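The sequence shown begins at 636 in this note's numbering and counts up by one.
Below: the structure, in structure tokens.
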Amino acid sequence: MSKKVFIILLGVLTLINVSAFGFWIYRKYAEPVPRRPMAHNMRRHNLLRSLGLTPEQTRAFHQSQRQFRLEADSLNRQLQIRRLALMDEILKKQPDLQKIDSLLQESQKLQGELERKLVEHLLRQKEFLTPEQQLALFRLMENRMRPRPGGWRRMPPP
């Protein structure tokens with residue numbers, strides 16, 4: 636093989652490797668694109684209809700949801716980064732147990748903050764819902780959180 640062909644081949648292979656590595660880094664640290672599938676929107680529409688919200692309550696509900704989503708998405712991204720870092724550390728030949736412990740503590744803190752944001756969100760929703768609507772909403776939520784026959788992975792749709 637001539638030297639010129641070898642250099643061209645080496646350049647092409649290097650370019651492919653650098654591109655693949657760049658794509659991997661991008662996918663690892665890029666913010667996920669929020670997905671709002673049709674079924675999710677239909678479920679929300681059915682929820683609002685079943686609660687019998689007034690137009691004013693519907694606006695307040697959507698505003699509350701948007702605010703919570705912004706806060707929760709940010710925390711979820713941070714949690715995802717910690718989980719990836721944790722997995723990277725676990726996969727090392729000699730994992731640093733102190734670093735693993737630190738990452739676990741950070742994850743626990745973020746998870747606690749996420750749950751606190753959820754509680755604040757639910758309390759905000761209670762402000763504009765009637766007692767009957769509150770009861771209906773929280774019963775629906777409770778039903779969705781209950782384990783189903785066959786386990787979580789095989790649970791039937793709500």
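Where is the CB? At the ideal position from N, CA and C, for every residue including glycine.
Just so we're clear, the structure is a prediction, and the values are computed from it rather than from any experiment.
Beta-carbon to beta-carbon, F696 and Q760 are separated by about 7 Å, close enough to satisfy the 8 Å threshold. For E741, the closest C-alpha among the options R717, V754, R684 and R774 is that of R717.
By the CB criterion at 8 Å, L719 and L745 fall outside the cutoff.
Contact between the stretch 643-661 and the stretch 719-728 is absent: fewer than 3 CB-CB pairs across the two stretches fall below 8 Å. With 16 or more other CB atoms across the displayed protein chains lying within 10 angstroms of its CB, L738 is buried. The three-state secondary structure of K744, taken from DSSP, is helix. Residues E724 of the same chain have their beta carbon placed closer than 8 Å to that of D731, with the five preceding and five following residues left out of the count. For G646, the uninterrupted alpha helix (DSSP H) segment begins and ends at K638 to Y664.
Around the C-beta of L644, fewer than 16 other C-beta atoms lie within 10 Å, and the residue is accordingly described as exposed. Taking C-beta separations shorter than 8 Å and ignoring five residues to either side along the sequence, the partners of L683 in its chain run T693 and F696, following chain order.
Contact check between the stretch 645-655 and the stretch 702-711: fewer than three CB pairs, one atom from each, fall below 8 Å, which does not count as touching. Taken through DSSP and simplified to helix, strand or coil, K761 comes out as helix. Its chain contains F703, E706, A707 and L710 as the residues whose beta carbon lies nearer than 8 Å to that of K752, once the 5 sequence neighbours on both sides are disregarded; these appear in chain order. Around the C-beta of L758, fewer than 16 other C-beta atoms lie within 10 Å, and the residue is accordingly described as exposed. C-alpha of R678 to C-alpha of T689: approximately 18 Å in a straight line.
Burial state of L772 is buried, judged by a 10 Å Cβ sphere holding 16 or more other Cβ atoms.
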